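**Q** Residue numbers (the numbering used here): 860 to 1062. For every residue, glycine included, the Cβ atom is placed at its ideal position computed from N, Cα and C. Owing to the predicted nature of the structure, the values given are computational and were not obtained by experimental measurement. Before I ask anything, here is the structure I am working with.
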Amino acid sequence: MIEEYFSKGGVMMYPLLFFSIVLTAVFIERLIFFILNRGSKRTLENSERAFFKGDFKTALAELKNSRGAMEKVAAEIINHINCSKHDLEHIAENRAISELQKFSRSLHLMDLIGRVSPMIGLSGTVLGMVKAFQSISAQKGAVDPSILAGGIWESLLTTVFGLMVGIPALIIFHIFENELSKKALMIKLKSEEMIRRAGACGD
């Protein structure tokens, strides 16, 4: 049935199919990346405990094998613990930006697919309607309403498929964006706390 609907949808179904494949691939890749690089709460807590006691060597050792963004920012701060507060803030900010960019990679594709797919579907519907009415106008005499209805519902298929691709894309995009925003806020708050507690020299 899906193949039948796809063939009746017209040429605009092909870019929608392509977008759905790209969306699936990006979603799976980003999901795996977020899971593998989510970090360990226990590792971070152990490192913070040692850090706040002034045991920077142990704090850094705790973070050695962690893949989490916050853990990498924390390690960067510890590695430059003798720098001034201003320099530490700059170092932490640069490392945070670098790590967060890894998480945001390809997310714009999901946003783009979510916004463009419904428009492509609507374009396919408009083209299908034009084709349907052209066929009707070419006929002479009375027009069978069933023929008109058949042409209209077939042309609406691209809109349906466009929404089927676009809506999940936007939902997934905003879920990842929300996770990224929470991660960025956590990094900001924890890095500020580390720098404040480090007792680094002022400017």
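In or out: S976 buried (at least 16 other Cβ within 10 Å) or exposed?
**A** buried
**Q** Please state if the CB of L986 and the CB of M1113 are separated by a distance shorter than 8 Å.
**A** Because residue 1113 is not part of the residues shown, which for the chain are 860 to 1062, the question remains open.
**Q** Do L1029 and G973 count as a contact pair if the criterion is CB distance below 8 Å?
**A** Here G973 is near L1029, since their CB atoms are less than 8 Å apart.
**Q** Can you give the beta carbon distance from R897 to F1035, rounded, assuming they're within the 8 Å contact cut?
**A** In fact, because the Cβ distance is near 13 Å, the residues do not count as touching under 8 Å.
**Q** Determine, using beta carbons only, whether I950 and I936 come nearer to each other than 8 Å.
**A** In this structure, I936 lies closer than 8 Å to I950 by Cβ.
**Q** Around the C-beta of L947, are 16 or more other C-beta atoms found within 10 angstroms, so that it is buried, or is it exposed?
**A** Residue burial is scored here from C-beta neighbours: L947 has at least 16 other C-beta atoms within 10 angstroms and is therefore classed as buried.
**Q** Quick check: what's the CA-CA separation for M1053 versus K900?
**A** If I take the Cα positions, the gap works out to 16 Å.
**Q** Take the Cβ of V885 as the centre, count every other Cβ of all protein chains shown within 10 Å, and call the residue buried at 16 or more, exposed below.
**A** buried
**Q** For I956, is the classification buried or exposed, using 16 other Cβ atoms within 10 angstroms of its Cβ as the cut-off for buried?
**A** Answer is exposed; the Cβ neighbour count stays below 16.
**Q** Report buried or exposed for R908, applying the criterion of at least 16 other Cβ atoms within 10 angstroms of its Cβ.
**A** exposed
**Q** Would you kindly report the start and end of the unbroken alpha helix (DSSP H) that includes I1034?
**A** Its alpha helix (DSSP H) spans residues L1016 to A1057.
**Q** What are the boundary residues of the alpha helix (DSSP H) that includes K867?
**A** I861 to G868
**Q** Suppose you measure from the CA of E863 to the CA of L1016; what does that come to, to the nearest Å?
**A** Each residue's Cα considered, the two are about 11 Å apart.
**Q** Give the straight-line distance between the Cα atoms of H967 and G1021, rounded to the nearest whole angstrom.
**A** If I take the Cα positions, the gap works out to 18 Å.
**Q** Within the same chain, show all residues whose beta-carbon is closer than 7 Å to that of I979, passing over the 5 residues directly before and after it, in chain order.
**A** Hits under 7 Å: M871, P874, L875 and G1021.
**Q** Does DSSP classify D914 as helix, strand or coil?
**A** coil
**Q** Could you check if K1042 is buried or exposed, using at least 16 other CB atoms within 10 Å of its CB as the buried criterion?
**A** buried
**Q** Using a threshold of 8 Å, state whether the C-beta atoms of S906 and L922 are closer than that.
**A** yes
**Q** What does the alpha-carbon distance come out to for the pair S925 and H945?
**A** 26 Å
**Q** Whole angstroms are fine: how far does the CA of K931 sit from the CA of L882?
**A** 29 Å
**Q** If you run the structure through DSSP and keep just helix, strand and coil, what is I887?
**A** helix
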